[in-house]
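Okay, structure first, notes after.
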Amino acid sequence: MSVSRASHDTAAVFDRSAATYDRVGVEFFGPMGRELVRRAGVRPGQQVLDVGCGRGAVLMPAAQAVGPDGDVVGIDLAPTMVDLTRADVATAGLPNVRVEVADAEDPPLPEATFDTVLAGLVVFMLPAPLPALRAYHRLLRPGGRLGVTTFAAYDPRFSEALGTLARHVPPERRQPPATGREDDFATRESTGDLLRRAGYHQVTVEDVPFESRFRDSDHFVAWVWSHGSRAILESIPPERLPAALADVADVLSPGGGSLRLTTTIRFALGTRADS
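For the sequence shown, my numbering gives the first residue as 1127, with consecutive numbering after it.
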């Protein structure tokens, strides 16, 4: 399996977060995953692929939707994610769910195998989203459905908090700016056009807000450590981290106490033509 350096680096960050990913008491990925499965219309007995399955926010509701007569395959490039999710699947008693290490850019799976391919909050991170979406198209059976989510808008306080943390990162540790691949997902129109260019029909795109609740700023920081944004925290020298966290607390909750952040998620659906 040939994996791009960018994908390898991204997977490494998620691998380090795997133990606490979606496990710090914040309702974030779960509601988004359940809604993706619902909107994609996953039905009993279907064959489903979950691309970038993480700790199962899409995988588990998909398994419930297909029932014992269906099958779900989850793939992720982070080995620890895969190991832990396999253990979760075994604990849940789901013999019809398989989780494997594989690259979301070009899953090594047979063509025309799946009724539904789902990709929750992953495609926008890939170096080449369009070829990836075309690869998913090949994996779908005629008439099969694709369901993709991406971030449409972040809560302003979330963006301000991450910006505050980033100011504590020394210049030599700062990451280069994004390559612009997120431009394809910048609007509902561009997102829909991307799916159509990948060969999908009956494309629909809708933005939906989700609210997440945190006990306090410390809870927020624990959540940041638990997913991809931990890369910013890892770039801050240990001696600077207390000051960075104090600044974040001032941004998020100057008087202390709980906070709520709203994240808008873009749901994009498309269908492979019957012939």
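Ideal Cβ positions, reconstructed from N, Cα and C, are used throughout, including at glycine. Note that this is a predicted model, so its numbers are computed, not measured.
request  = Inspect the CB distances between the segment 1265-1281 and the segment 1388-1395 and report whether three or more fall short of 8 Å.
outcome  = yes
query = Assuming histidine 1334 and threonine 1390 make a contact with CB atoms under 8 Å, what is their CB distance in whole Å?
reply = At residue 1334 the sequence reads valine, which differs from the histidine that was named. About 7 Å; that satisfies the 8 Å criterion.
key: Sufficient close CB pairs (3 or more, under 8 Å) joining the segment 1241-1252 to the segment 1178-1186   = yes
ask   = Is it a yes or a no for the segment 1222-1236 touching the segment 1161-1173, going by three-plus beta-carbon pairs under 8 Å?
value = Contact fails: fewer than three Cβ-Cβ distances are below 8 Å.
query = For glutamine 1173, is the classification buried or exposed, using 16 other Cβ atoms within 10 angstroms of its Cβ as the cut-off for buried?
reply = buried
request  = Taking glutamine 1173 as part of the beta strand (DSSP E), name the residues at either end of that continuous run.
outcome  = 1173-1177
ask   = Based on Cα-Cα distance, which residue from Gly1269, Ala1369, Leu1288 and Tyr1280 lies nearest to glycine 1426?
value = Lying before the first or after the last residue shown, residue 1426 is absent from the chain, which here runs from 1127 to 1401.
task = Identify, in the order they occur along the chain, each residue of the same chain with its Cβ nearer than 7 Å to the Cβ of glutamate 1332, setting aside the five sequence neighbours on each side.
result = Phe1393
ask   = CA-CA distance, serine 1130 and alanine 1137?
value = 11 Å
task = Can you grab the Cα-Cα spacing for the pair threonine 1313 / alanine 1278, in whole Å?
result = 8 Å
inquiry  = Buried or exposed for aspartate 1135, going by 16 or more other Cβ atoms inside 10 Å?
reply    = exposed
request  = Can you give me the start and stop residues for the beta strand (DSSP E) that threonine 1390 sits inside?
outcome  = Membership of threonine 1390 in the beta strand (DSSP E) is indicated by the continuous run 1385-1397.
request  = May I ask you to verify whether the segment 1283-1295 touches the segment 1361-1370, counting CB pairs closer than 8 Å and requiring at least 3?
outcome  = yes
inquiry  = Please return the same chain residues whose Cβ sits closer than 6 Å to the Cβ of valine 1227, not counting the five positions on each side in sequence.
reply    = The answer, listed in chain order, is Pro1205 and Val1208.
key: Cβ neighbour criterion (16 or more within 10 Å) applied to arginine 1356   = buried
query = Do you know how far the Cα of leucine 1265 is from the Cα of leucine 1235?
reply = 7 Å
task = For glycine 1104, count neighbouring C-beta atoms within 10 Å of its own C-beta (all shown protein chains included) and say buried if the count is 16 or more, exposed if not.
result = The first residue shown for the chain is 1127 and the last is 1401, placing residue 1104 beyond what the model contains.
inquiry  = Taking 6 Å as the limit between beta carbons, can you name the residues of its chain near aspartate 1197, skipping five residues before and five after?
reply    = Gln1173 and Asn1222
inquiry  = Taking the alpha-carbon of leucine 1220 as reference, which of Leu1247, Phe1240, Val1248 and Leu1185 has the nearest alpha-carbon?
reply    = Leu1185
inquiry  = Looking at the secondary structure, which residues open and close the beta strand (DSSP E) in which glycine 1318 lies?
reply    = Element bounds for glycine 1318: not the beta strand (DSSP E) but the alpha helix (DSSP H), 1314-1323.
Spatially closest choice to arginine 1341 from Met1158, Tyr1326, Thr1330 and Ser1379, by CA coordinates = Ser1379
ask   = Taking the beta strand (DSSP E) that alanine 1375 falls in, what are its first and last residues?
value = Not the beta strand (DSSP E): alanine 1375 falls in the alpha helix (DSSP H), residues 1367-1378.
key: Residues of its chain near glycine 1306, where Cβ-Cβ distance is below 7 Å and the 5 sequence neighbours each way are ignored   = Unreliable placement is indicated for glycine 1306, whose pLDDT of 46 sits below 50; the coordinate value is still reported in the next sentence. Once the five neighbours on either side are set aside, glycine 1306 has no close Cβ partner at all.
ask   = What residue from Asp1309, Arg1212, Ile1358 and Ala1132 has the CA that sits closest to arginine 1299's CA?
value = Ile1358
request  = Assign threonine 1146 to one of three DSSP states: helix, strand, or coil.
outcome  = coil
inquiry  = Taking its Cβ as the centre, do 16 or more other Cβ atoms sit within 10 Å of aspartate 1148, making it buried, or is it exposed?
reply    = buried
message = Could you check whether valine 1374 and serine 1343 sit closer than 7 Å to each other, using their CB atoms as the reference points?
response = Yes, the pair counts as a contact, with Cβ atoms nearer than the cut-off.
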